[in-house]
Structure formats: structure tokens, C-alpha cells
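Here the structure is laid out as C-alpha cells; the discussion comes afterwards.
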Amino acid sequence: MSRRRQSARRKALLFRRNYIFERRRMLGLTLQMLAERAEVEEERLFELEEHYDPRVFDIASMARIADVLDCPYLFLWVPPEGLREGGITLH
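Everything in the sequence shown is counted per the working numbering, starting at 797 for the first residue and increasing by one.
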């Protein structure tokens, strides 16, 4: 992978991690509150927020998280099964 692609991938992951955290803070939600409202495990939600690994949740869980955060596009960042992350770029 070229340095340019690595940099773009790193920036995209950083944006996604920060977006979830900042959106949660903006809405005044703690991690526990978000987990309860989205009906997901808090530890796995922390892993999603900290490392942005969407594979820790199924698509329905990501949709619930996106709904609580009022961000309908969040769950679209989940790469389809068998597709490498970064295979799809959203503009």
C-alpha cells in the first residue's frame, strides 16, 4: 500500500473514531448511556469508539448506535463481509 493510501486510511479511521466520540459528547451522552439506549455492550462500544473496528457489532447494532447518535450514515461505514476496510470510499 502506498504512503498516500496509508495516510488517507489513517485519517479516515481517526475521523471515524473522533466523530463517534465528539457526537456522543455533543449530545451529552456518556458511554454507558449510549450503550443502554442502543442496547449494546458497553465494552464493545468502547472498542468501537477507541479503535473504530465496526466488526465488533452486527449491522443492526450499528444502525441502533447511528440512530441514537442521530447519524444515519454512521452504519454505512461497516465494510461488507469479505471486503477489506478502505475498499469503499464515501464522499
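Heads up, the beta-carbon is just placed ideally off N, CA and C, and yes, glycines get one too.
Practice item. Give every residue of the same chain whose Cβ lies closer than 7 Å to the Cβ of Glu-838, excluding the five residues on either side of it in the sequence, and list them in chain order. Key: Leu-827, Gln-828, Ala-831
Practice item. With Arg-833 as the anchor, note down where its alpha helix (DSSP H) starts and where it stops. Key: 827–834
Review point. Given a threshold of 16 other Cβ atoms within 10 Å of its Cβ, counted over all protein chains shown, does Met-858 qualify as buried or as exposed?
Key: Classification of Met-858: buried, given that the 10 Å Cβ count is 16 or more.
Review point. When the Cα atoms are used, what is the spatial distance from Gly-824 to Phe-817?
Key: 11 Å
**Study point:** Residue environment, Arg-806, which counts as buried when at least 16 other CB atoms sit within 10 Å
**Key:** exposed
Point to revise | Backbone CA spacing between Ala-862 and Val-852 [nearest angstrom] | key: In this structure, the CA atom of Ala-862 is about 15 Å from the CA atom of Val-852.
Exercise for review: Label Ala-834 either buried or exposed according to how many other C-beta atoms from any shown protein chain fall within 10 Å of its C-beta, with 16 as the threshold for buried.
Suggested key: When all chains shown are included, Ala-834 counts as buried.
Exercise for review: Please report the Cβ distance between Arg-819 and Val-836, rounded to the nearest whole angstrom; I am assuming they are in contact, meaning their Cβ atoms lie under 8 Å.
Suggested key: Their Cβ separation, rounded to whole angstroms, is 15 Å, which puts Arg-819 and Val-836 out of contact at 8 Å.
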